[in-house]
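The structure appears right after this line, and notes come after that.
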Amino acid sequence: MSRKAISVAALTALCLTGLAACGSESDDSAAPKKKGASQVAVKLVSGSDGDVCELDTDTAAAGPVTFTVANESAAGVTEVELMDGQKILGEKENLAPGLPEVTFTLTLGGGDYEVYCPGAAEERIPFTVTGEAAAAPTGGTAELLAAGAKDYTGYVNTQLDAMVTGVENLRKAVDSGDVAAAQQAYADARPFYEKIESDVEGFVMEGFDPTDNKGNLDYLIDMRASNLDEAVGWSGFHAVERDLFEAKKITDQTKKYAADLVTNATLLAEIGKSLEFKPEDLANGAAALLEEVQSGKITGEEEAYSHIDLVDFANNVEGAQQAYAALRPGLEKIDAELVTTIDARFTAVIDDLEGYKDPEALGGYQPYTAELKASDGKKLSATVQSLQDVLGRLAEKAATA
Numbered sequence: 050m051s052r053k054a055i056s057v058a059a060l061t062a063l064c065l066t067g068l069a070a071c072g073s074e075s076d077d078s079a080a081p082k083k084k085g086a087s088q089v090a091v092k093l094v095s096g097s098d099g100d101v102c103e104l105d106t107d108t109a110a111a112g113p114v115t116f117t118v119a120n121e122s123a124a125g126v127t128e129v130e131l132m133d134g135q136k137i138l139g140e141k142e143n144l145a146p147g148l149p150e151v152t153f154t155l156t157l158g159g160g161d162y163e164v165y166c167p168g169a170a171e172e173r174i175p176f177t178v179t180g181e182a183a184a185a186p187t188g189g190t191a192e193l194l195a196a197g198a199k200d201y202t203g204y205v206n207t208q209l210d211a212m213v214t215g216v217e218n219l220r221k222a223v224d225s226g227d228v229a230a231a232q233q234a235y236a237d238a239r240p241f242y243e244k245i246e247s248d249v250e251g252f253v254m255e256g257f258d259p260t261d262n263k264g265n266l267d268y269l270i271d272m273r274a275s276n277l278d279e280a281v282g283w284s285g286f287h288a289v290e291r292d293l294f295e296a297k298k299i300t301d302q303t304k305k306y307a308a309d310l311v312t313n314a315t316l317l318a319e320i321g322k323s324l325e326f327k328p329e330d331l332a333n334g335a336a337a338l339l340e341e342v343q344s345g346k347i348t349g350e351e352e353a354y355s356h357i358d359l360v361d362f363a364n365n366v367e368g369a370q371q372a373y374a375a376l377r378p379g380l381e382k383i384d385a386e387l388v389t390t391i392d393a394r395f396t397a398v399i400d401d402l403e404g405y406k407d408p409e410a411l412g413g414y415q416p417y418t419a420e421l422k423a424s425d426g427k428k429l430s431a432t433v434q435s436l437q438d439v440l441g442r443l444a445e446k447a448a449t450a
């Protein structure tokens, strides 16, 4: 998944999709209400010029809005998000064609938003909410930063819950014995932890010493060959990955790895419900996610068997951007020039990633082969480093606001 600094598209782009009645002076196109919530249908279909993301209306009244998403035939579009600037307000992922429709509901204030359908011929569709806008933050800088940190907690918990669902699907695929299905389920389950790993590292199960990897949830969920603890052995995502992509077979041990992954992910999600973050935690976490990109993804170390490192790369970047977006209103008051620089450098990183998208590949990105690493690794690293350099300045600013 990729993320760009969002600029609202021209209304004419929406008109060209045939999804809105441009020029109409009537409010008839506003979303109808049901049980107090405006209802918006999003349909993903295959078209003659590429996959299309269709909305039945581009306008809704302020208040609760329910988005119902159905993928009828768009193989290249498996995700729908509602964006407010750079911030993801709500999303649905892994929307394979033919699956039952899904919904998400948000309470929205008046203003301009975008429905983002990565992979569609027209990826960004303007969406307008009419009526009284939600009250804008008016407190001091410290209050704005604290409010952002509180909001970000919800994002973390959403990703943890989605990870549990993803690893449950992985376990089912592994238990079925279908290697190809399990490989797909592995790629589908990976993004969620990658978005938030810097926020949830370091949790140790009760009764274990902090230095004992037998109780370290990050080790049990995301260890890899490079940090193998012989006393504990293989565990988690990459133990399953090794069997599915290197051995290309499912054994009883593979099934145990998958079952243990569900247990540990579920425990982590429960811990997540009690998490609280300070603004500087978000700033540090964003920088740490980019360090993960440099140390594990661009090196090809993270996904040594599946080679979906660019999937992890993209989701590390998204997680960093969401942490930054939560702090951005306060940071603008502290250093507006730095915010402008960070915005531009996020865009540069994500623009680089766009060139590696492949809807036919696992996870939607080209495999990160040794050849691709040799030809493009230094370029990717330099772009990430440029962003990392400025993000590293945020924690002190946030902590001293």
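Be aware that the sequence shown starts at 50, since it is given in the numbering used here, and climbs by one per residue.
No residue lacks a Cβ here, since even glycine has one placed at the ideal position from N, Cα and C.
Source: prediction; values computed, not measured.
Euclidean distance between Cα positions of residue i and residue j
{"i": "Asp98", "j": "Asp400", "result": "22 Å"}
{"i": "Ile357", "j": "Lys422", "result": "12 Å"}
{"i": "Ala70", "j": "Pro81", "result": "Confidence at Ala70 is low in this model, with a pLDDT of 33, below 50, so the placement of that residue should be treated as unreliable; the coordinate-derived value is given next. The alpha-carbon atoms of Ala70 and Pro81 are separated by roughly 16 Å."}
{"i": "Val253", "j": "Tyr242", "result": "17 Å"}
{"i": "Asn143", "j": "Ser435", "result": "31 Å"}
{"i": "Pro328", "j": "Asp361", "result": "24 Å"}
{"i": "Gly441", "j": "Ala393", "result": "15 Å"}
{"i": "Ala196", "j": "Gly379", "result": "9 Å"}
{"i": "Ala230", "j": "Lys406", "result": "21 Å"}
{"i": "Ser323", "j": "Lys199", "result": "12 Å"}
{"i": "Thr389", "j": "Val439", "result": "11 Å"}
{"i": "Ser344", "j": "Leu155", "result": "36 Å"}
{"i": "Thr260", "j": "Gln135", "result": "38 Å"}
{"i": "Tyr414", "j": "Pro408", "result": "7 Å"}
{"i": "Ala145", "j": "Asp237", "result": "11 Å"}
{"i": "Ala169", "j": "Glu128", "result": "10 Å"}
{"i": "Ala374", "j": "Asp100", "result": "29 Å"}
{"i": "Gln437", "j": "Glu445", "result": "15 Å"}
{"i": "Gly96", "j": "Asn265", "result": "48 Å"}
Candidates the options: closest to residue i by CA position
{"i": "Glu172", "options": "Ile347, Glu352, Val398 and Val126", "result": "Val126"}
{"i": "Thr320", "options": "Lys382, Asp210 and Gly334", "result": "For the sequence presented, residue 320 should be read as Ile rather than Thr. With distances taken between Cα atoms, Ile320 lies closest to Asp210."}
{"i": "Asp301", "options": "Val342, Asn276, Leu269 and Arg220", "result": "Arg220"}
{"i": "Leu376", "options": "Ala447, Ser424 and Asn218", "result": "Ala447"}
{"i": "Gly368", "options": "Gly160, Glu121, Tyr417 and Asn206", "result": "Asn206"}
{"i": "Lys92", "options": "Thr418, Ala123, Glu140 and Ala372", "result": "Ala123"}
{"i": "Met132", "options": "Ala109, Phe176 and Val101", "result": "Phe176"}
{"i": "Ala372", "options": "Pro167, Ser275, Ser78 and Asp330", "result": "Asp330"}
{"i": "Lys350", "options": "Gly139, Val366 and Glu290", "result": "According to the sequence shown, residue 350 is Glu rather than Lys. Ranking Gly139, Val366 and Glu290 by Cα distance to Glu350 puts Glu290 first."}
{"i": "Glu386", "options": "Ala335, Leu443 and Glu341", "result": "Leu443"}
{"i": "Asn313", "options": "Lys84, Ala374, Asn262 and Glu181", "result": "Asn262"}
{"i": "Leu402", "options": "Gly256, Ile391 and Thr432", "result": "Thr432"}
{"i": "Leu148", "options": "Lys304, Asn276, Val94 and Leu339", "result": "Val94"}
For residue i, the residue or residues it bridges with in DSSP
{"i": "Val89", "result": "Phe116"}
{"i": "Tyr162", "result": "Phe176"}
{"i": "Val151", "result": "Val118"}
{"i": "Lys82", "result": "Ser87"}
{"i": "Ile357", "result": "For Ile357, which the question treats as bridged, DSSP gives no partner whatsoever."}
Contacts around residue i, its chain only, beta-carbon distance under 6 Å, and the 5 residues preceding and following it disregarded
{"i": "Thr315", "result": "Val213"}
{"i": "Asp105", "result": "Ala90"}
{"i": "Leu138", "result": "Leu131 and Leu155"}
{"i": "Leu338", "result": "Ser247, Asn365, Gly368 and Ala369"}
Proximity test, residue i beta-carbon vs the ligand HEM heavy atom, cut-off 8 Å
{"i": "Val228", "result": "The ligand content of the structure shown is nil, which means the ligand HEM is not present either."}
Contact set for residue i: own chain, Cβ-Cβ below 7 Å, skip 5 residues either direction
{"i": "Leu194", "result": "Pro328, Leu376, Gly379, Ala447 and Ala450"}
{"i": "Ala410", "result": "Pro416"}
{"i": "Ala86", "result": "Pro113, Val114, Thr115 and Thr154"}
{"i": "Gly297", "result": "For clarity, residue 297 is Lys in the given sequence; the question names Gly instead. So the qualifying residues of the chain are Val228."}
Cβ shell of residue i (< 8 Å), same chain only, five flanking positions each side left out
{"i": "Glu295", "result": "Tyr354"}
{"i": "Ser430", "result": "Gln343 and Ile347"}
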